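Colleague: So the sequence shown is numbered by the working numbering: it starts at 23 and just counts up by one.
Dumping the structure here so I can ask a few things about it.
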Amino acid sequence: MFWSWPDRNSIYKLLSYVDIRKSRFNQLFCEVSNNCQGKEDKNKGQKPQKLGGRNMAETLGSLIDKLAIKSIKEFYIKRMLQTKKAKFSKCQLKDKLEILRKQKRSLLKEIEEFIMEAPAGRITLSDEKLKLYNKPHRIGRIGNINSVSGAIGGLTKKNLELWHLEDEARREDVSLSYIGSIKKKIDVANQQRNDLIDKIDVLFDQKLKKLKN
């Protein structure tokens, strides 16, 4: 484990990257708003189209979730490059970093396409989930979030928390009861992560509906 939770410097460095991406997404939202003004939605009801060679079956929330996880992985690979205790060689880590950066560029392109194409009604904005395994009192406990940017920041923090908790759950120098308590925290955090993904989708859908009215 490379750092103890919460390491504020680590969080701030990661979130500074996320803030840059949120600024780009907000810029795209403005472009969408301008494109929607005075235009009729001629494509409403059409089937999802393929963009960038892929079927846009993902939602904005699930795409942002993937981006957050890849950003966290990138952050940790960079930290491993700075330590002598890494379990991979520097050459291996640099190769992994390059692969990860290519994946992120592709994912960012997909997110931008999603945001620009969403007003046409040709892509899925939300994925209805049947939450059969969760206790009702644990669903939706993510606080009062009323903006897409706020939900993106919350999702990134939650993925960072989960990364730390799963690190803790892999420790071999602690008792089984401690591991059990950590796994319970993972269940709660995972539920909140899913709720934040859904929140991004809901807020984005609301934003689009306001643009069309």
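Glycine residues also receive a C-beta, built at the ideal position from the N, C-alpha and C atoms.
Predicted model, so just to flag it, every value in this text is computed and none were measured.
Using the C-alpha atoms, what's the distance from Lys229 back to His186?
Modeller: Here the question's residue 186 lines up with position 164 in the sequence shown. Here the question's residue 229 lines up with position 207 in the sequence shown. Roughly 33 Å between the two C-alpha positions.
Colleague: Report yes if the C-beta distance between Lys221 and Ile164 is below 8 Å; otherwise report no.
Modeller: For the purposes of this step, residue 221 is taken as residue 199 along the sequence shown, with counting starting at 1. For the purposes of this step, residue 164 is taken as residue 142 along the sequence shown, with counting starting at 1. Result yes, Cβ atoms of Lys221 and Ile164 sit closer than 8 Å.
Colleague: Tell me, to the nearest whole angstrom, how far the beta carbon of Asn212 is from that of Leu184; I am working on the premise that it is less than 8 Å.
Modeller: Numbered from its first residue, the sequence shown carries residue 212 at position 190. Numbered from its first residue, the sequence shown carries residue 184 at position 162. Their Cβ separation, rounded to whole angstroms, is 7 Å, which keeps Asn212 and Leu184 in contact under 8 Å.
Colleague: If you draw a straight line from the C-alpha of Ile133 to the C-alpha of Gly143, how long is it?
Modeller: Position 111 of the sequence shown, counted from the first residue, corresponds to residue 133. Position 121 of the sequence shown, counted from the first residue, corresponds to residue 143. Rounded to the nearest angstrom, the two C-alpha atoms are 15 Å apart.
Colleague: Quick check: Thr81 and Leu147, are their CB atoms within less than 8 Å of each other?
Modeller: Position 59 of the sequence shown, counted from the start, is the residue given in the question as residue 81. Position 125 of the sequence shown, counted from the start, is the residue given in the question as residue 147. In contact: Thr81 and Leu147 (Cβ atoms closer than 8 Å).
Colleague: When DSSP labels each residue in this structure, what does Asn65 get in the three-state scheme?
Modeller: Along the sequence shown, one-based indexing puts residue 65 at 43. Residue confidence is low: Asn65 scores 47 on pLDDT, short of 50, so the model does not pin down where it sits. Its coordinate-derived value is still stated next. Reduced to three states, the DSSP call for Asn65 is coil.
Colleague: In this structure, does DSSP put Glu190 in helix, strand or coil?
Modeller: In the sequence shown, residue 190 corresponds to position 168, counting from 1. Looking at Glu190 - three-state DSSP - the assignment turns out to be helix.
Colleague: Taking the alpha-carbon positions, what's the Lys9 to Ser197 distance?
Modeller: Within the shown structure, residues of the chain are numbered from 23 to 235, placing residue 9 beyond reach of any answer.
Colleague: What residue range is occupied by the uninterrupted alpha helix (DSSP H) comprising Glu80?
Modeller: Working through the sequence shown from its first residue, we reach residue 80 at position 58. Element bounds for Glu80: n/a, residue is neither H nor E.
Colleague: Assess contact between the segment 89-108 and the segment 118-130, defined as three or more Cβ pairs (one per stretch) separated by less than 8 Å. Is contact present?
Modeller: yes
Colleague: So what does DSSP say about Lys88, is it helix, strand or coil?
Modeller: The residue labelled residue 88 in the question sits at position 66 within the sequence shown. If DSSP states are grouped into helix, strand and coil, Lys88 belongs with the helices.
Colleague: Secondary structure at Arg123, three-state DSSP: helix, strand or coil?
Modeller: For the purposes of this step, residue 123 is taken as residue 101 along the sequence shown, with counting starting at 1. Here Arg123 sits in helix by DSSP.
Colleague: With DSSP as the reference, label Ala108 as helix, strand or coil.
Modeller: By 1-based counting over the sequence shown, the position of residue 108 is 86. Note: Ala108 maps to coil in three-state DSSP.
Colleague: Count the other C-beta atoms from every protein chain shown that fall within 10 angstroms of the C-beta of Asn166, then say buried if there are 16 or more, exposed otherwise.
Modeller: Working through the sequence shown from its first residue, we reach residue 166 at position 144. Per the 10 Å Cβ criterion, exposed.
Colleague: Which of the three DSSP states, helix, strand or coil, is assigned to Arg215?
Modeller: Here the question's residue 215 lines up with position 193 in the sequence shown. If DSSP states are grouped into helix, strand and coil, Arg215 belongs with the helices.
Colleague: Mapping DSSP to helix, strand and coil, what is Ile164?
Modeller: Residue numbering aside, residue 164 sits at position 142 when the sequence shown is read from its first letter. Ile164 falls in the coil class under three-state DSSP.
Colleague: When you compare the CB positions of Leu122 and Lys112, do they come within less than 8 Å of one another, or not?
Modeller: As a working note, residue 122 is residue 100 in the sequence shown. As a working note, residue 112 is residue 90 in the sequence shown. No, these two residues do not count as a Cβ contact at 8 Å.
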